[in-house]
Structures are given as C-alpha cells and as structure tokens.
Amino acid sequence: MQLTFLGTSSGVPTRSRNVSSVALRLPQRAEVWLFDCGEGTQHQFLRSEFKASQIRRIFITHMHGDHIFGLMGLLASCGLAGNPQQRVDIYGPPPLNDYLQACRRYSQTHFSFPIKVHAVQPGVVYRDDEFTVSCTQLEHRVPAFGYRVDEVDRPGRFDVKRAQALGIPSGPLYGRLKNGEVVTLPDGRRINGADLCGPTLKGRSVVYCTDTVFCEAAVELSHRASVLIHEATFAHQDAEMAYQRLHSTSTMAAQVALAAQVRQLIMTHFSPRYAPGNPIQLEDLLAEARAIFPKTLMARDFWTYDVERQDAASLVAS
C-alpha cells in the first residue's frame with residue numbers, strides 16, 4: 033500500500049501546497065483510491081505519476097469547498113481523456129449527490145462513464161475480498177466522516193522445500209495449502225497448510241481523519257492502525273481558534289495517535305498562516321506533535337509514503 037499526498041494545505045492553496053487530497057495505491061491493483069478532492073486536484077494528477085483513468089473510488093470527508101471543489105473538474109477530465117474508464121464509485125455525506133447533480137445540470141456536463149454516489153453512514157461503506165472501508169462521524173462544523181481502510185490478513189510465506197520433502201505433489205494442492213487449508217493426500221495423510229507457512233502477514237490499515245477537533249470517535253476509528261493521517265490545522269498556541277472552528281492542533285493529532293496506539297502518524301491540512309517568515313512555522317508543529325507522539329511525520333505535496341507490512345509475531349512483540 034502506498035500513500036501519495038496531492039494536497040496538504042487547509043482552506044486555500046499556497047505556492048507550495050494545494051488543498052486536500054490523498055491518493056492510495058493498492059498492491060497488485062492498477063487502480064487508485066482518492067480521499068478528498070480539493071480544487072486543483074486534477075492539476076496535481078498531471079504533475080504526478082498517476083493517471084485520472086486509474087481512479088476507481090473517491091471518498092469525500094465533508095462538503096467544505098477545500099475538500100470537494102476539484103471533484104467535478106476531475107470527473108469531467110476523466111471523461112475527456114479518451115482512455116477507457118471503469119465505473120467510479122464516490123462515497124461521501126448525503127448532500128454530495130445533490131451537489132454533483134447540480135454541477136452537471138448547470139454546466140451541461142455529460143460523463144462518458146458510469147458514476148455511482150454512495151451516501152455514507154457510520155459503519156462499513158465498502159468491502160471486497162481484500163479490503164474493508166469503514167467510516168465514523170467526526171466533530172466539525174458540518175457533518176464530516178473519517179475513513180479507515182483495512183487489508184485482510186494473508187498467510188505467511190509457503191515453504192516449498194518442506195512441502196517437497198513431505199512428498200506433496202506440486203499443483204493445485206500447493207494453492208490450497210498456501211491458504212492454510214487442511215489437505216488430504218492420496219496416501220491418506222492429512223496436511224495442515226498452516227504448518228507449512230510462515231507467520232501470518234497482518235493486514236495493513238490506513239485511517240484518514242479530517243476535518244475534526246480532537247474527539248473519541250477519531251481515537252476509536254484509529255485503534256492500532258498502521259498509519260493515521262490526521263489534520264493539524266493549527267499550532268498548540270492557537271488551540272482556542274481550533275476549538276472555535278472545530279479543527280485540530282498538532283498536539284491534538286498526536287494525542288489521537290497516542291491514545292489509539294497507531295504505528296505512524298502523518299499530519300496534514302496545515303493553515304497557510306504558518307508560512308516561512310511567520311513567528312510560528314510548520315517545523316514547530318512537528319516538534320509539538322513529536323513531543324507527545326515521536327513517530328510523527330509531516331506530509332508535503334507529492335510526498336509518497338509506503339505502508340509496510342508487519343507479521344503477526346512482531347505485532348505481538350510490540
């Protein structure tokens with residue numbers, strides 16, 4: 033799993049940061065899932081290694097403009113690209129479909145590919161054989177949802193040499209044993225596939241929480257996640273402003289990560305007020321967060337983060 037940040041500013045873009053959007057690349061799939069789509073996201077796609085035609089699912093957190101104003105343009109560009117486009121599924125708050133329908137109607141835009149909009153409620157919003165996506169409502173000025181992507185656990189590495197030493201014939205049986213099944217051989221022996229596999233590969237999990245002030249819902253959603261992406265609009269010094277506007281400070285993001293026992297915190301959605309030359313700069317927000325949760329990183333536009341696997345044994349040890 034690979035995360036690429038396409039926009040990391042809050043409210044308005046800056047010269048170095050666009051507004052919110054994160055792309056998730058899934059293993060062994062030629063598709064991209066997008067989280068939020070602020071204005072200019074399609075321009076960020078052009079400057080990245082992604083193609084708009086790769087977008088399969090889009091998850092919108094809430095209806096504020098810096099998270100949705102790029103959606104209509106991106107979808108229109110997908111239709112004009114000339115490449116075959118699969119159906120795009122879009123998940124978000126109930127008003128999202130009305131917004132898109134109004135944009136289509138007043139701009140007379142026709143999409144050459146199918147689009148399905150799903151109004152989300154807390155709980156599971158999507159599931160397939162490899163991934164589950166769930167959401168919960170956060171605390172913001174409008175209904176806002178945090179999303180969690182969970183990958184299923186996978187069997188450990190299959191020991192081919194040991195299987196050969198046991199006289200197990202190669203072929204379909206190996207596939208069943210790799211999946212941990214109990215297989216009966218022609219000679220009557222019963223072989224448990226789990227005995228021929230290494231430690232289970234624990235599924236990875238990514239949580240995306242924005243916009244929100246510190247809340248227990250974010251902690252619960254993020255419990256023991258591999259990566260938590262959390263907004264950090266304000267510095268701790270501006271906590272009063274954060275409470276008024278229902279945004280998070282860097283210390284709030286770190287407190288969520290600490291309480292949820294996540295493996296890695298990545299902060300994003302920074303106020304433009306902390307630009308170079310100001311008394312407080314983004315490096316100060318990073319230092320504040322690391323004082324509470326040392327495993328904190330600060331996202332920047334076009335930065336890519338690889339979500340590494342951990343086997344079950346190392347997770348127990350930690």
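Residue numbering for the sequence shown follows this note's numbering, starting at 33 and increasing by one per position. For every residue, glycine included, the Cβ atom is placed at its ideal position computed from N, Cα and C.
The residue among Cys-69, Arg-332 and Ala-286 with its C-alpha nearest the C-alpha of Ala-319 is Ala-286. Between Thr-244 and Leu-297, the beta carbon gap of about 14 Å keeps them out of contact (Cβ cut-off 8 Å). Scanning its chain for C-beta atoms nearer than 6 Å, with the 5 sequence neighbours on each side dropped, one finds around Gln-293 the residues Arg-256, in chain order.
For Asp-227, the three-state secondary structure derived from DSSP is helix.
Runs of beta strand (DSSP E) with 3 or more residues, each lying fully within the region 74–104, are found at 87–91, listed in chain order. Here Met-273 is not bridged, per DSSP, to any residue. According to the DSSP secondary-structure assignment, Cys-167 is paired through a beta bridge with Gly-155 and Tyr-179. In the DSSP assignment, Thr-283 falls within the alpha helix (DSSP H) that extends over 282–292.
Of all C-beta pairs linking the region 258–270 to the region 94–109, fewer than three are shorter than 8 Å, placing the two stretches out of contact. Each of Phe-163, Asp-130, Ile-312 and Arg-322 was checked against the Cα of Arg-236, and the nearest Cα belongs to Phe-163. Note: Thr-40 is not bridge-paired with any residue in the DSSP secondary-structure output. Its Cα nearest to that of Ser-166, the residue Phe-177 stands out among Arg-173, Phe-177 and His-172. With respect to the 8 Å criterion, Leu-38 and Asp-333 are classified as neighbours on the basis of their beta carbons.
The closest CA to that of Ser-258, considering only Asp-68, Gln-74, Ala-289 and Ile-147, is found on Ala-289.
Contact fails between the region 210–219 and the region 129–142, because fewer than three Cβ pairs, one in each stretch, are under 8 Å apart. Comparing C-alpha distances from Gly-43 to each of Leu-78, Glu-71 and Leu-260 shows the shortest one belongs to Glu-71.
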